Amino acid sequence: MLGSQRTPQLGDQWRTIDFLEKRMFTAIDAVAALGPVALHAIEQLVSDSPAKDPAGGFAAAMVLGSFEGRDALAAAERTIRSLGAGDPEVARYAAEAYKLIPHPHLAQAMRTMLADQDEAYRHLALDVLAHRGLVSIEELVTCANDSSPAVAGVALTALALAAPSHPELPTLLIQSVALPELAPATWLAMALSSHPSAISAPAAALSGPDGEQAALAMALTADHAAAQQLTEQCTAAPTPGLTAAVGWAGASESVPELIELLRHGDEGVVTAAAYALDRITGAQLYEEVEIDPEEVIVPDGPTPDVGDLEPPPPLAKQVSDPRDEPSSGSPDTMSRPTTDPRRWHAYWRERGDAFKDGSRFRRGHGYTPVVSLWELDGWLLTAPERRFLQHELVVRTGHFVRFDPLDLVAVQEDALKTWEPIVQRSSSIPGSWSRPGRRSSS
12 MLGSQRTPQL
22 GDQWRTIDFL
32 EKRMFTAIDA
42 VAALGPVALH
52 AIEQLVSDSP
62 AKDPAGGFAA
72 AMVLGSFEGR
82 DALAAAERTI
92 RSLGAGDPEV
102 ARYAAEAYKL
112 IPHPHLAQAM
122 RTMLADQDEA
132 YRHLALDVLA
142 HRGLVSIEEL
152 VTCANDSSPA
162 VAGVALTALA
172 LAAPSHPELP
182 TLLIQSVALP
192 ELAPATWLAM
202 ALSSHPSAIS
212 APAAALSGPD
222 GEQAALAMAL
232 TADHAAAQQL
242 TEQCTAAPTP
252 GLTAAVGWAG
262 ASESVPELIE
272 LLRHGDEGVV
282 TAAAYALDRI
292 TGAQLYEEVE
302 IDPEEVIVPD
312 GPTPDVGDLE
322 PPPPLAKQVS
332 DPRDEPSSGS
342 PDTMSRPTTD
352 PRRWHAYWRE
362 RGDAFKDGSR
372 FRRGHGYTPV
382 VSLWELDGWL
392 LTAPERRFLQ
402 HELVVRTGHF
412 VRFDPLDLVA
422 VQEDALKTWE
432 PIVQRSSSIP
442 GSWSRPGRRS
452 SS
């Protein structure tokens, strides 16, 4: 359970999960005090459970992976295989644990898994190896040609981060962008490696089925013309993802268009427009709203399209005895940017002259990478938003510092300190759309 609680949800401050991590380490110490009998029982407890629990996979991998010895790590892998990494939730929880454990033989175990015939295990292994910086450039090039789009996509992104000047990368990107199942990952890799088609490739897909992902990739690298194109596309055919991308792009001229979207009939578009306005202006025009208790849970990645199926019942009802189902519960309240167009119109009439046309803005400041680091450090953001900011820092500084919003709090703190001098050197022109070429890793 502690593993699933580590992901900051809507309105959470990421540093607050430090106490959960300390509780997790204390629990692992308690298991160690019980001795080998407790370690043997963990595998059996998870594997023999009648209800396969992905969070149990996290617990087993986290606990067993914290003890030296190949037997403990092998027991963790057996537990994950008993749950089945073909289940995306099982794979996600397993990867989160493997990304944290200090086991000295982790790299060897993951490389063995990387040769598995099942693509789910290859994807899991490469995700962990790339995250931990344990994969070689040669392995990434090989995996970029994997028959599994999921594996190839991870490899392309990791290769773009670790070796943006690799001679084979441009060819791999051109080959991959033509494949629909690989295009979104390729757009991201193009952005992270400063590929010449980093804007034009996703721009050509804005009206397609992956238009929202294309828009976000385009926002990472956008110049003023690209930001205007995003705004025009959003005005013509708004979606929540496209609207969010306009906010990330940050063109001051998009503010009036976003205010008009607050009158749109789609609640998702309206909410996205309010957040986009706050991201550009930093106006902090907030309102208290009631939300369903489960609406604060933000998935760490896109939700797949499964057709016209009914939405699943609330988690509390899924795990409860049907004879004693819990009530829906009282709604939570949270503060979010207002969706009242009158308040935004009044703000823009009063403050709009401060936002110079042609400039890029973030949180009311002329954009520089310092603002991205400020958001990454101090704002109440979800894990996907913070991962976007990490990618933005890579794109807008030309450097790469290893960072992930699901790392341990202490690890994130160290990464932010490493980013600081790099960002300071890259932040001389507020409001600029500059995008330097990629440089060496830091």
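So the sequence shown is numbered by my numbering: it starts at 12 and just counts up by one. Just so it is clear, CB atoms sit at the ideal spot from N, CA and C, and this is done for glycine as well. Quick caveat, the model's predicted, so the values are computed rather than measured.
Item to check | Selected residue, minimal CA-CA separation from Phe411, among Glu396, Pro380, Trp385, Ala394 | outcome: Here residue 411 is taken as the residue at index 400 of the sequence shown, counted from 1. Of the listed residues, the one whose Cα sits closest to Phe411 is Pro380.
Checklist entry - Would you call Arg373 buried or exposed, if buried means 16 or more other Cβ atoms sit within 10 Å of its Cβ? => result Locating residue 373 in the sequence shown gives position 362, counting from the first residue. Looking at its Cβ environment, which holds 16 or more other Cβ atoms inside 10 Å, Arg373 is buried.
Next on the checklist: What would DSSP say about Gly312, mapped onto helix, strand or coil?
Outcome noted: As a first step, residue 312 is located in the sequence shown; it is residue number 301 there, counting from the start. The predicted model places Gly312 with a pLDDT of 47, which falls under 50 and marks its position as unreliable, so this point remains unresolved.
Next on the checklist: Give me the residue from Ala86, Ser58, Gln119 with the minimum Cα distance to Leu94.
Outcome noted: On the sequence shown, position 83 is the one that residue 94 refers to. Leu94 has its Cα closest to that of Ser58, out of Ala86, Ser58, Gln119.
Checklist entry - Where does Gln295 land, buried or exposed, given buried means 16+ other C-beta within 10 angstroms? => result The residue given as residue 295 occupies position 284 in the sequence shown. By the neighbour-count rule (16 or more Cβ atoms within 10 Å), Gln295 is not buried but exposed.
Checklist entry - Which whole-angstrom value describes the C-beta separation of Leu84 and His116, a residue pair presumed to lie in contact below a C-beta threshold of 8 Å? => result Position 73 of the sequence shown holds residue 84. Position 105 of the sequence shown holds residue 116. That belief holds up - the Cβ atoms of Leu84 and His116 are roughly 6 Å apart, short of 8 Å.
Next on the checklist: Give me the DSSP bridge partner(s) of Asp343.
Outcome noted: As a first step, residue 343 must be located in the sequence shown, where it is residue number 332. Answer is Ile302, bridged to Asp343.
Item to check | Spatial distance of Asp388 from Leu427 (CA atoms) | outcome: The residue you call residue 388 lines up with position 377 of the sequence shown. The residue you call residue 427 lines up with position 416 of the sequence shown. When rounded, the distance between both Cα atoms is 7 Å.
Checklist entry - Where does Tyr286 fall in DSSP's three states? => result Indexing the sequence shown from 1 puts residue 286 at position 275. In the three-state DSSP reduction, Tyr286 falls in the helix class (H, G or I).
Checklist entry - Any idea if Pro178 is buried or exposed, counting beta-carbon neighbours within 10 angstroms, 16 or more meaning buried? => result Locating residue 178 in the sequence shown gives position 167, counting from the first residue. Exposed.
Next on the checklist: Which of the three DSSP states is assigned to Leu193 in this structure?
Outcome noted: Along the sequence shown, read from residue 1 onward, the residue named residue 193 stands at position 182. In the structure shown, Leu193 sits in coil (DSSP, three-state: anything other than H, G, I, E or B).
Next on the checklist: Going by beta-carbon coordinates alone, are Ser443 and Thr408 separated by less than 8 Å?
Outcome noted: Translated into positions along the sequence shown, residue 443 becomes position 432. Translated into positions along the sequence shown, residue 408 becomes position 397. It is not a contact, given that the beta carbons lie outside the stated cut-off.
Checklist entry - With 16 as the cutoff for other CB atoms within 10 Å, does Gln119 come out buried or exposed? => result Sequence index remark: in the sequence shown, residue 119 carries index 108 (1-based). With fewer than 16 other Cβ atoms within 10 Å, it is exposed.
Next on the checklist: Quick check on the DSSP output: what are the complete alpha helix (DSSP H) runs of length 4 or more inside the segment 180 to 253, in order along the chain?
Outcome noted: 180 to 188, 194 to 203, 211 to 214, 222 to 232, 235 to 247, all fully within the segment 180 to 253.
Checklist entry - By the 10 Å Cβ neighbour count, where 16 or more other Cβ atoms means buried, how is Pro432 classified, buried or exposed? => result Taking the first residue of the sequence shown as position 1, residue 432 is located at position 421. Counting the other Cβ atoms within 10 Å of the Cβ of Pro432 gives fewer than 16, which makes it exposed.
Checklist entry - Alpha carbon to alpha carbon, how far is Ala41 from Ala136? => result Numbered from its first residue, the sequence shown carries residue 41 at position 30. Numbered from its first residue, the sequence shown carries residue 136 at position 125. For Ala41 and Ala136, the distance between alpha carbons rounds to 29 Å.
Next on the checklist: Quick check on Ile299: buried or exposed, where buried means 16 or more other Cβ atoms within 10 Å of its Cβ?
Outcome noted: By 1-based counting over the sequence shown, the position of residue 299 is 288. The sequence shown places Glu at residue 299, not Ile. So Glu299 ends up on the exposed side.
Item to check | N- and C-terminal bounds of the alpha helix (DSSP H) containing Glu150 | outcome: Your numbering for residue 150 matches position 139 in the sequence shown. Unbroken alpha helix (DSSP H) run through Glu150: 148 to 154.
Item to check | Ala171 and Ser204 closer than 8 Å at C-beta | outcome: Indexing the sequence shown from 1 puts residue 171 at position 160. Indexing the sequence shown from 1 puts residue 204 at position 193. Yes. Within cutoff.
Item to check | Nonlocal neighbours in the same chain, by C-beta distance under 8 Å from Val188, ignoring five residues either side | outcome: Counted from its first residue, the sequence shown places residue 188 at position 177. Excluding positions up to five away in sequence, the list reads Ala194, Thr197, Trp198, Met201, Ser208, Ala212.
Next on the checklist: Need the endpoints of the alpha helix (DSSP H) that Pro99 sits in, please.
Outcome noted: As a working note, residue 99 is residue 88 in the sequence shown. Run containing Pro99: 99 to 109, per the alpha helix (DSSP H) assignment.
Checklist entry - With contact counted as at least three CB pairs below 8 Å, one residue from each stretch, are the segment 349 to 356 and the segment 248 to 260 in contact? => result no
Item to check | Where the alpha helix (DSSP H) through Pro447 begins and ends | outcome: The residue you call residue 447 lines up with position 436 of the sequence shown. No alpha helix (DSSP H) holds Pro447; DSSP gives it neither H nor E.
Checklist entry - For Arg446, which of Arg413, Phe414, Tyr378, Leu392 has the nearest alpha-carbon? => result Position 435 of the sequence shown holds residue 446. Measuring from the Cα of Arg446, the nearest candidate turns out to be Tyr378.
Checklist entry - Which residue comes first and which comes last in the alpha helix (DSSP H) that contains Tyr358? => result By 1-based counting over the sequence shown, the position of residue 358 is 347. 352 to 362 is the span of the alpha helix (DSSP H), which, as asked, contains Tyr358.
Next on the checklist: Per the DSSP calculation, Tyr297 is bridged to which residue(s)?
Outcome noted: Residue numbering aside, residue 297 sits at position 286 when the sequence shown is read from its first letter. Pro348, per the DSSP bridge assignment.
Next on the checklist: Looking only at its chain, what residues have a beta carbon closer than 6 Å to the beta carbon of Gly22, apart from the 5 residues adjacent to it on each side?
Outcome noted: To locate residue 22, count along the sequence shown from 1; it is residue 11. Contacts found: Met345, Leu391.
Item to check | Own chain residues within Cβ distance below 6 Å of Pro65, not counting five before or after | outcome: Here residue 65 corresponds to residue number 54 of the sequence shown, with the count starting at 1. Glu100, Val101, Tyr104, listed in sequence order.
Next on the checklist: Considering Cα atoms alone, identify which of Glu54, Ala230, Ala174, Leu180 is closest to Phe399.
Outcome noted: For this step, residue 399 is matched to residue 388 along the sequence shown. Checking every option, the nearest Cα to that of Phe399 belongs to Ala230.
Checklist entry - Which of helix, strand or coil does DSSP assign to Pro78? => result Locating residue 78 in the sequence shown gives position 67, where the first residue counts as 1. First, the residue type needs correcting, since residue 78 is Phe and not Pro in the sequence shown. Coil at Phe78, not helix or strand.
Checklist entry - In terms of alpha-carbon separation, which member of Leu45, Arg81, Glu192, Val434 lies closest to Asp221? => result Sequence index remark: in the sequence shown, residue 221 carries index 210 (1-based). Glu192 is the residue among Leu45, Arg81, Glu192, Val434 whose C-alpha sits nearest the C-alpha of Asp221.
Checklist entry - Does the pairing of the segment 271 to 283 with the segment 357 to 370 give three or more beta-carbon distances under 8 Å? => result no
Next on the checklist: Could you tell me the alpha carbon to alpha carbon distance between Pro313 and Glu149, rounded to whole angstroms?
Outcome noted: By 1-based counting over the sequence shown, the position of residue 313 is 302. By 1-based counting over the sequence shown, the position of residue 149 is 138. Its pLDDT being 44, under 50, Pro313 is placed unreliably by the model, and nothing is read from it.
Next on the checklist: To the nearest angstrom, how far is the alpha carbon of Ile185 from that of Val420?
Outcome noted: For this step, residue 185 is matched to residue 174 along the sequence shown. For this step, residue 420 is matched to residue 409 along the sequence shown. Approximately 37 Å, taken between the alpha carbons.
Checklist entry - Given a threshold of 16 other Cβ atoms within 10 Å of its Cβ, counted over all protein chains shown, does Ala394 qualify as buried or as exposed? => result Counting from one through the sequence shown, the residue named residue 394 turns up at place 383. Result: buried.
Next on the checklist: So for Gly95, helix, strand or coil by DSSP?
Outcome noted: Counted from its first residue, the sequence shown places residue 95 at position 84. Three-state DSSP puts Gly95 in coil, outside helix and strand.
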